[in-house]
Amino acid sequence: MSPLTRREVLKAGATSAGAVALPSVAQAANAAASPAPARPPVRQRVALEVNGRQVELEVDTRTTLLDLLREELQLTGTKKGCDHGQCGACTTIVDGRRINSCLSLAVMNEGARVTTIEGLGTPGRLHPMQAAFVKHDGYQCGYCTPGQICSAVAVLDEIRDGIPSHVTADLTAPPALAGDEIRERMSGNLCRCGAYANILDAIEDVAGAPRRGADA
Amino acid sequence: MRAFGFERAVTPAAAAAAAARNPGAKFIAGGTNLLDLMKLEIETPAHLIDVNALGLDSIESTDEGGLRIGALVRNTDLAGDERVRADYPLLSRALLAGASGQLRNRATTAGNLLQRTRCPYFYDTDQPCNKRLPGSGCGARDGYSRQLAIIGHSPDCIATHPGDMPVAMCALDAVVETVGADGGTRRIALDDFYLAPGNTPQRETVLEAGELITAVVLPPPLGGRQVYRKVRDRASYAFALVSVALILQDDGSGRVAVGGVAHKPWRRTEADAELPRGAAAVAARLFEGAAPTEDNRFKLSLAERALAAALADAQEASA
Chain A
258 MSPLTRREVL KAGATSAGAV ALPSVAQAAN AAASPAPARP PVRQRVALEV
308 NGRQVELEVD TRTTLLDLLR EELQLTGTKK GCDHGQCGAC TTIVDGRRIN
358 SCLSLAVMNE GARVTTIEGL GTPGRLHPMQ AAFVKHDGYQ CGYCTPGQIC
408 SAVAVLDEIR DGIPSHVTAD LTAPPALAGD EIRERMSGNL CRCGAYANIL
458 DAIEDVAGAP RRGADA
Chain B
643 MRAFGFERAV TPAAAAAAAA RNPGAKFIAG GTNLLDLMKL EIETPAHLID
693 VNALGLDSIE STDEGGLRIG ALVRNTDLAG DERVRADYPL LSRALLAGAS
743 GQLRNRATTA GNLLQRTRCP YFYDTDQPCN KRLPGSGCGA RDGYSRQLAI
793 IGHSPDCIAT HPGDMPVAMC ALDAVVETVG ADGGTRRIAL DDFYLAPGNT
843 PQRETVLEAG ELITAVVLPP PLGGRQVYRK VRDRASYAFA LVSVALILQD
893 DGSGRVAVGG VAHKPWRRTE ADAELPRGAA AVAARLFEGA APTEDNRFKL
943 SLAERALAAA LADAQEASA
């Protein structure tokens, strides 16, 4: 067999590239003919208030509140961790209550009032909880921090409102503003760096709770 | 996530009508379980009917002296309600033992009843699961079954119901109220609400297509000492390995329902009758006919010990 010329190699390459392209065309045809064809995306308008600002926009119905904040409004302080309600990084405050924004559709939040980490404070005017996290070094990488802070702010409101928790000893008495109450209530916010001890210090500082041991 | 249409219903009748108009539609309330499953394409509704504006979010006294809990009452609000805390502490305790603060703020009473199993094979679309894909087999039975059912299951499915709230409601003899797609209403005892898996584990409750839960009714308060004891792998924010809902009266009689062991809160009135004879007697009757796997056989002794601990808690509370 005579060795292939450079021209022949290029030609063969082009042919095989064509051959490679063919199956993907065939797959697309198969997908179109499959018994469960993809449904076209549905778009819908939603109006809500985010950090005091009225916003109205049209979104794919599949858009979560988290993705609306991050991708449509560029409020990237709210973080996407697990996207399944397990880690708490996406915690925001909606109508006064903390929720996992990854498990709420944007279109379910018509008329809602949403507060994100950007709405709590600014670099020049920190919310007391933000200042306390800085003071107590309540983070390492910082990825879970916006969710931790939004959650912590809401936790203190929940205790003040008398909402009981799993560790509340007496269900008929107001819950105490104490470390074990705060720990239990923060269990939906994971920190893979393990800054929990300092996070608790920060929240207790803002709460004015009795401190554990000596305040070094 | 698969694309879907979306509408907000404003009356229960309109919600039922929307369900009748849209085959394959699902109601969405808190969304904390449904959206999780939609992201994994385990749930693929073509249409969602948002029921949050139906006004079913209040807790009212009934003429019989009990409580009617609207389907959309959030877990946080139900657990924190003063009447529930005072008269049905078992229910508050069960709710507060479940999920996280963020999830309880959104999760609803009806949605909690309808949450799907957390069986790892149901969640893993790369594995067989008769509940997710009927006829594909059960990966759990000979697989990782530590968290799964020890009783009431079938060759096709050993999934457990993951809820805490329904375990308390079962012990309290709660009744589920619904409205059907045809506008008809009905009342279903919670103990009759869940279907045994049999060979149709994809059918989990007696609800018909388009039937909407409107409320859960609690009978008048039972008094006694009420204890919810949950055993799990973490101190907080984890599903139960086993949980015990106990109501113990001064004369030693009472009721017990157990979570984490079956497709539904597990209760047998003949086991209730054994309460004066202690945890071992109750557990023997409650788990008669149990068929655990090698992985979850420990739940038999764990449930008995959790029951003994709950009885001790109840007796201590009365001392």
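So the protein lines, in turn, are chains A and B.
The numbering of the first sequence is the numbering used here, which starts it at 258 and goes up by one.
The numbering of the second sequence is the numbering used here, which starts it at 643 and goes up by one.
Each residue gets a CB set at the ideal place from its N, CA and C atoms; glycine is no exception.
The structure presented is a predicted model; accordingly, all values stated were derived computationally and were not measured.
Asked, Found
"Coil, strand or helix - phenylalanine 648 (chain B) by DSSP", "strand"
"Exposed unless 16 or more other CB atoms sit within 10 angstroms - verdict on glutamine 757 (chain B)", "buried"
"Phenylalanine 669 (chain B) - containing beta strand (DSSP E), residue span", "667-670"
"Contact set for alanine 655 (chain B): own chain, Cβ-Cβ below 8 Å, skip 5 residues either direction", "Val821 and Gly825"
"Residue nearest to threonine 653 (chain B) in terms of C-alpha spacing, selected from B:Thr759, B:Ala823, B:Asp875 and B:Ser734", "B:Ala823"
"Chain E contact for arginine 319 (chain A) (CB, 9 Å cutoff)", "In the structure shown, chain E does not exist; the protein chains are A and B."
"Between the CA atoms of cysteine 344 (chain A) and tyrosine 879 (chain B) - distance to the nearest angstrom", "10 Å"
"Distance CB(glycine 399 (chain A))-CB(cysteine 347 (chain A)) smaller than 9 Å", "no"
"Per-residue DSSP class, three states only, for valine 410 (chain A)", "helix"
"Buried/exposed call for cysteine 450 (chain A), threshold 16 Cβ in 10 Å", "exposed"
"Span of the alpha helix (DSSP H), counted from its first residue to its last, around arginine 663 (chain B)", "654-663"
"Chain-ordered residues of the region 734-756 of chain B with a beta carbon less than 7 Å from chain A", "Ser734, Leu738, Ala739, Ser742, Gly743, Gln744, Leu745, Asn747 and Arg748"
"Contact with chain A by tyrosine 763 (chain B), beta-carbon distance below 9 Å", "no"
"Coil, strand or helix - arginine 964 (chain B) by DSSP", "No answer is possible for residue 964 (chain B): the residues shown for chain B start at 643 and end at 961."
"Residue burial classification, arginine 845 (chain B) (beta-carbon count within 10 angstroms, cutoff 16)", "exposed"
"Identity of the residue in A:Ala388, A:Gly445, A:Gly378 and A:Met365 nearest valine 412 (chain A) by Cα", "A:Gly445"
"Interface flag, leucine 814 (chain B) vs chain A, CB-CB below 9 Å", "no"
"Proximity test, Cβ basis, 9 Å: threonine 759 (chain B) and chain A", "no"
"C-beta atoms of aspartate 678 (chain B) and glycine 342 (chain A) nearer than 9 Å", "yes"
"Interface residues of chain B facing isoleucine 456 (chain A) [CB-CB closer than 7 Å]", "Neighbours of isoleucine 456 (chain A) on chain B: none; closest Cβ ~15 Å, over 7 Å."
"Contact with chain A by proline 670 (chain B), beta-carbon distance below 9 Å", "A quick correction: the sequence has isoleucine, not proline, at residue 670 (chain B). Yes, its Cβ sits closer than 9 Å to a Cβ of chain A."
"For glutamate 930 (chain B), the three-state DSSP class (helix, strand or coil)", "coil"
"Serine 895 (chain B) and leucine 917 (chain B) closer than 9 Å at C-beta", "yes"
"Minimum Cβ-Cβ distance from alanine 782 (chain B) to chain A less than 9 Å", "no"
"Any C-beta of chain A under 9 Å from that of methionine 643 (chain B)", "yes"
"Stretch-stretch touch, CB-based, cutoff 8 Å, three pairs: the region 661-676 of chain B with the region 743-752 of chain B", "yes"
"Simplified DSSP assignment, three categories, for alanine 289 (chain A)", "Confidence in alanine 289 (chain A) is poor, its pLDDT being 42 and thus under 50, which makes the residue's placement unreliable; the coordinate value appears in the next sentence. Correct three-state label for alanine 289 (chain A): helix."
"contact_flag[the region 833-841 of chain B, the region 725-732 of chain B] where n(CB pairs < 8 Å) is 3 or more", "no"
"Closer than 9 Å at the beta carbon, the chain B residues around arginine 449 (chain A)", "Per Cβ cutoff of 9 Å: no residues; arginine 449 (chain A) is ~15 Å from chain B at best."
"Under the three-state DSSP convention, the category leucine 832 (chain B) falls into", "helix"
"Cβ-Cβ distance between aspartate 414 (chain A) and glycine 376 (chain A) below 9 Å", "no"
"3 or more residues per run - each beta strand (DSSP E) lying fully within the region 665-711 of chain B", "667-670, 689-692 and 701-703"
"Chain B within 9 Å of glutamine 405 (chain A), Cβ atoms only", "no"
"Contact with chain A by aspartate 673 (chain B), beta-carbon distance below 9 Å", "Aspartate is not the amino acid found at residue 673 (chain B); the sequence shown has glycine there. Output row for glycine 673 (chain B): interface = yes."
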